[in-house]
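Using our numbering, read the sequence shown as starting at 112 and increasing by one per residue.
Every residue, glycine too, gets a C-beta built ideally from N, C-alpha and C.
Working notes, beginning with the structure itself.
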Amino acid sequence: MKENNFPFPGIPTTSDGAGAVVWVETHISQGACAYPITSSTTMGQGFQAEVANGKRNLWGDKLFFFEPESEHSSASVCEGFAAAGGRITNFTSGQGLILMKEVLYTIAGKRLPIVFHIGARALTSHSLNVHAGHDDVMGVADCGWGIIFARNVQEVADLTLIAHRAAENSDTPFLMVQDGFLTTHTIENVLLPEPELMKQFIDDPNKKLKNLMNPYFPLMSGVVQNQDSYMKGKIAQRYYYDKVPEALKEAMETFYKLTGRRYNFIDPYKVEDAEYVIVGMGSFMETAMATVDYLREVEGLKVGALTVTVFAPFPGKEIVEALKHVKAFAVLERMDNPLAQSNPLTMSIKASFADAFIGSKGYPKIDRIPRIFSGAGGLGSRDVRPGDFIAIFKNMMRNDGKEKEFFVVGIKHELALEREYDPDVRPRGAFSMRGHSVGGYGSVTTNKVIATMLEDIFKLQVQAYPKYGSEKKGLPTTYYLTVAKEKIRTHCELTHVEFVPVNDVNAFNNGNPLAGLSEGGTLFIQSDKTNPEDVWTDIPSYAKKIIKDRKIKVYYLDTVKIAREVAPTPDLEQRMQGIVLLGIFLRVTPFRENYNLSEEELFKGVEKSIRKYFGRRGENVVKANLEAVKRGYYEVMQIPSELIEATEVKAEFEF
Numbered sequence: 112m113k114e115n116n117f118p119f120p121g122i123p124t125t126s127d128g129a130g131a132v133v134w135v136e137t138h139i140s141q142g143a144c145a146y147p148i149t150s151s152t153t154m155g156q157g158f159q160a161e162v163a164n165g166k167r168n169l170w171g172d173k174l175f176f177f178e179p180e181s182e183h184s185s186a187s188v189c190e191g192f193a194a195a196g197g198r199i200t201n202f203t204s205g206q207g208l209i210l211m212k213e214v215l216y217t218i219a220g221k222r223l224p225i226v227f228h229i230g231a232r233a234l235t236s237h238s239l240n241v242h243a244g245h246d247d248v249m250g251v252a253d254c255g256w257g258i259i260f261a262r263n264v265q266e267v268a269d270l271t272l273i274a275h276r277a278a279e280n281s282d283t284p285f286l287m288v289q290d291g292f293l294t295t296h297t298i299e300n301v302l303l304p305e306p307e308l309m310k311q312f313i314d315d316p317n318k319k320l321k322n323l324m325n326p327y328f329p330l331m332s333g334v335v336q337n338q339d340s341y342m343k344g345k346i347a348q349r350y351y352y353d354k355v356p357e358a359l360k361e362a363m364e365t366f367y368k369l370t371g372r373r374y375n376f377i378d379p380y381k382v383e384d385a386e387y388v389i390v391g392m393g394s395f396m397e398t399a400m401a402t403v404d405y406l407r408e409v410e411g412l413k414v415g416a417l418t419v420t421v422f423a424p425f426p427g428k429e430i431v432e433a434l435k436h437v438k439a440f441a442v443l444e445r446m447d448n449p450l451a452q453s454n455p456l457t458m459s460i461k462a463s464f465a466d467a468f469i470g471s472k473g474y475p476k477i478d479r480i481p482r483i484f485s486g487a488g489g490l491g492s493r494d495v496r497p498g499d500f501i502a503i504f505k506n507m508m509r510n511d512g513k514e515k516e517f518f519v520v521g522i523k524h525e526l527a528l529e530r531e532y533d534p535d536v537r538p539r540g541a542f543s544m545r546g547h548s549v550g551g552y553g554s555v556t557t558n559k560v561i562a563t564m565l566e567d568i569f570k571l572q573v574q575a576y577p578k579y580g581s582e583k584k585g586l587p588t589t590y591y592l593t594v595a596k597e598k599i600r601t602h603c604e605l606t607h608v609e610f611v612p613v614n615d616v617n618a619f620n621n622g623n624p625l626a627g628l629s630e631g632g633t634l635f636i637q638s639d640k641t642n643p644e645d646v647w648t649d650i651p652s653y654a655k656k657i658i659k660d661r662k663i664k665v666y667y668l669d670t671v672k673i674a675r676e677v678a679p680t681p682d683l684e685q686r687m688q689g690i691v692l693l694g695i696f697l698r699v700t701p702f703r704e705n706y707n708l709s710e711e712e713l714f715k716g717v718e719k720s721i722r723k724y725f726g727r728r729g730e731n732v733v734k735a736n737l738e739a740v741k742r743g744y745y746e747v748m749q750i751p752s753e754l755i756e757a758t759e760v761k762a763e764f765e766f
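Here's what the structure looks like:
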């Protein structure tokens, strides 16, 4: 990925996708205009916070942030700012992006090289959903903007810079897309671009950009054009669009020479000798890559994955070149348009192969078209698992007349492909946690703090993300964390875990929180009891049997009581019970012992992470959180294994 001889290897830290956007944009842009809409809201919040703190960009310009009354208005403000020669950005999702579509056409038509950030989201159709889908982006794909998809936080940071450079060198606006929540809110390791790199890679906007509003050089823009003029102006736009592919290639190549991080329009993974390939865009393609490794190693199958990074300009020639030798490939998309010939990515790939087959200029010569399957999955953040990708590969291989040319995954439906099995594709030696809590308890934030701390102290690879609901506060919330020495590519809900903390007292009644907990794993239970016999009595019999059979270690503590005692203000009492879990995590997991850290060294690292998240709230809040962590660490108690072993439990589960 990088070598020592590249001048800008990046600043190692942790961030979510929204944080990566804020880091880059507050350094290179002059302003932002946005209307809050899930899941892009945190981008706007982060940018506005920097404005409030008086931050200036790399060229000394004071940052500007404006929140109007709608997404349509926010796009219009961006249009005016850019027309006056400024570098501005926008953050939006879902219906917000669709609402501003009218303005997107005019921004492209006026050749304003803006970059908008999209937390891609399913559109409200039969119901409201605020989670990941590509409906919104495909709904504006005809507006004349370049479109780039990132799979992870690293790609968000890097491709944002690449999009800006390409946009300004081709006078074409770009959409920089990441999956809502699945990337915008997922904490991962990232090498943030250095300020020196950004200043070298992106020009000073005061010198680079054109001011169409300069009264000393007057011109007309957006005028009425009738039959004699409109078509001439529209077709003349191709002069600029013809520049976009080369501008993108130049930006990607220059970025590689500076950083060692290579990007292309597509990213084939083990495709060269593959017979069957899965094609897609966005975060689930990393799970596909991990599944490819598993199937090659365990079943000896010649399979691959191809990620489409740049949707516009569409890399049809590159895709044909990469896939022309395979027997079949399947395109998986986060949207569904049943009345179209195919869903958008599938349709564009089919057209590309048709062009190649008839010998269109510039396309590779082919004498056959591989069999093309198409599917929908991950709509509204529906989980897409390794077992789903295995089912897609096996569907392509059937060739018995029962294979489904169009399929869906992850749900029960007549078009669905069923999972035969669902393997663990985490990196070897990975440690995972799945927490069961309630919205408002602070557990999701604690999960982020834990991830940050593990990277800071132990220099490990981390991935932390929540399973949000639209309602969030007061309702059950699940959150996930994986820690490993290698890059983590499993962008799916965790079923194989080593630690399960249960802060939701109803978790045992609403399902089985112990599902997938490993042999010898660890369970933590929030309890107001102090006697281990009383805590054990409260656990339902089905869970007791699992605990006993799998030799699971059980810890307990009243985190609510601790939060009430240490919270500096009443409004923090509920949220701070989550931060107590950080201390419990450090006590019951093996990280401190494995890395031979003293408790003093450990808590220095904890304090650093706490200050990163809560420092802006004042010293009292920092100290209270640190006390909560220490009390969790020192006060957590364990149910004796002798008590567990001595208990007779029923064989059957009781739900």
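For Q688, the enclosing alpha helix (DSSP H) has its first and last residue at 684-699. For L737, the enclosing alpha helix (DSSP H) stretches over residues 730-746. With a contact defined as Cβ atoms closer than 8 Å, E299 and T420 miss out at about 17 Å.
Around the beta-carbon of A385, 16 or more other beta-carbon atoms lie within 10 Å, marking it buried. For S453 and R276, the gap between their C-alpha atoms comes out near 33 Å.
G344 has its alpha-carbon roughly 30 Å from the corresponding atom of T271. Put simply, of S150, P681, P147, Q159 the residue whose alpha carbon is nearest the alpha carbon of E136 is Q159. According to DSSP, residue pairing for D378 in a beta bridge involves T418.
In terms of CA proximity to M324, L223 leads the group S236, I259, L223. Segment contact: the stretch 476-488 against the stretch 431-447, three or more CB-CB distances shorter than 8 Å; contact assigned. Shortest Cα-Cα distance from P123 to any of L565, I346, P643 involves L565.
Taking the Cα positions, M507 is about 9 Å away from V388.
When DSSP states are grouped into helix, strand and coil, A487 belongs to the strand group. In the DSSP assignment, D466 falls within the unbroken alpha helix (DSSP H) covering 455-468. Between the alpha carbons of F610 and K672 lies a distance of about 23 Å.
For P497, the closest C-alpha among the options Q311, Y405, K472, N558 is that of Y405. Nearest to K318 by C-alpha distance, out of G197, T217, H228, L592, is G197.
Per DSSP, the unbroken alpha helix (DSSP H) holding L359 starts and ends at 355-370.
A straight-line Cα-Cα distance of about 21 Å links Q685 and Y591. Nearest to N705 by C-alpha distance, out of L571, N448, N168, is L571. The DSSP-derived three-state label of K598 is coil. DSSP places L592 in the strand class (E or B) of the three-state scheme. Contact annotation: A502 and R530 have beta-carbon atoms nearer than 7 Å. For F569, the secondary structure class from DSSP, reduced to helix, strand or coil, is helix.
When secondary structure is reduced to three states using DSSP, P449 falls in the coil class, being assigned neither helix nor strand.
Just so you know, the alpha carbons of E307 and K368 end up roughly 15 Å apart. In this structure, L210 and S181 form a Cβ contact; the two beta carbons are roughly 7 Å apart against a cut-off of 8 Å. Checking the DSSP bridge columns, you'll see G391 partnered with T418. Inclusion of A186 and T153 in the CB contact set at 7 Å is not warranted, their separation being larger than that value. Within the stretch 217-281, the runs of beta strand (DSSP E) that reach at least 3 residues and sit entirely inside it are, in chain order, 226-231, 257-260. The three-state reading of DSSP puts G142 in strand, counting E and B together. The alpha-carbon of F119 is positioned some 10 Å away from that of F366. Cβ neighbours of N322 within its own chain (closer than 7 Å, five residues either side excluded): A195, G196.
The bridge partners DSSP lists for R482 are A439. Residue burial is scored here from C-beta neighbours: H138 has at least 16 other C-beta atoms within 10 angstroms and is therefore classed as buried. Per the Cβ contact rule, the stretch 698-714 is not in contact with the stretch 647-659 (fewer than 3 Cβ pairs under 8 Å).
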